[in-house]
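When we follow this note's numbering, the leftmost residue of the sequence shown carries the number 7, and every step to the right adds one. The beta carbon of each residue, even a glycine, is placed where N, CA and C say it ideally should be. In this text, all values refer to a predicted model and were calculated from it rather than measured experimentally. Heads up: the structure comes next, in structure tokens.
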Amino acid sequence: MTDLRWPVDEEPRTRPDWRERFALGTDLALIGIVVTVAGLPLLTLPAALAAGSVAVHHRYTTGRLPGFRPLLRRFGRTLLPGIPFAVAAALLLLDLVALSRGWVPGGAPVLVLTTAIVAWLAGAATLILVGVGRDTTAPASWAWQQATARPWSALAPALAGALAFFLALSMPATIPLVIGFHLFAAHVISDRLAPSSPPTGTGHQR
């Protein structure tokens, strides 16, 4: 008799239990709290988010938090380059407020168009944070390539960011939690929608 080769079912993937999920939530909350405190001067917020992205990526890929010194180095290296991003974000937010309250002409069409542009830019900025967290050599160039080649890779983080923004506005006490979990969601979404790995730098900051 010939041997019969019956199909073999794949073994189910090991899923993290409640303890691992609780530990992940706790670590993300801790990252969000540190980022919130470090970003309170507002001009330091981009650098704080960049360091938080590094911490989230390390936690996402290794299952543990990184050391404090690599995060501090990343914060210091991103501090001055991040100031123009903070100023630009403040100006865009002020522009949206002025349009929504009728302080400047344009009406609803200009408001909708400006909102769409700001949302796309927010998604692209989120991809830049993901690239920084992955320790890329050119995170802005990689983010632009992903956002133009795969539009959903920028739109999906933008939608998630809008949801996180309105959640933070409705419950300001949750801002630290929202920041940590949104950074984690940005890395997960980027891996799903922009799977091509960005070029890593020569020296790891983690």
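| Asked | Found |
| --- | --- |
| First through last residue of the alpha helix (DSSP H) which encompasses R186 | First, the residue type needs correcting, since residue 186 is Gly and not Arg in the sequence shown. I181 to L199 is the extent of the alpha helix (DSSP H) around G186. |
| C-alpha distance - A61 paired with P76, whole-angstrom precision | 9 angstroms |
| Minimum C-alpha distance to L49 - residue among F190, A104, A96 and A191 | A96 |
| Nearest-angstrom Cβ-Cβ length linking L55 and H64, presumed shorter than 8 angstroms | Contact flag wrong, Cβ pair sits at about 15 angstroms. |
| Range covered by the alpha helix (DSSP H) that runs through W109 | Counting along the chain, W109 falls outside any alpha helix (DSSP H), and DSSP gives it neither H nor E. |
| Own chain partners of D101 with C-beta closer than 7 angstroms, once the 5 adjacent residues on each side are dropped | T120 |
| Contained alpha helix (DSSP H) runs [length at least 4] in the segment 135-161, N- to C-terminal order | 145-155 |
| As assigned by DSSP and simplified to three states, the class of R70 | coil |
| CA-to-CA distance, L105 to S59, given in whole angstroms | 32 angstroms |
| CB contact flag (L127, A162, <8 angstroms) | no |
| Rounded distance between the beta-carbons of A53 and L85, thought under 8 angstroms | 4 angstroms |
| Nearest-angstrom Cα separation, counted from T180 out to A174 | 6 angstroms |
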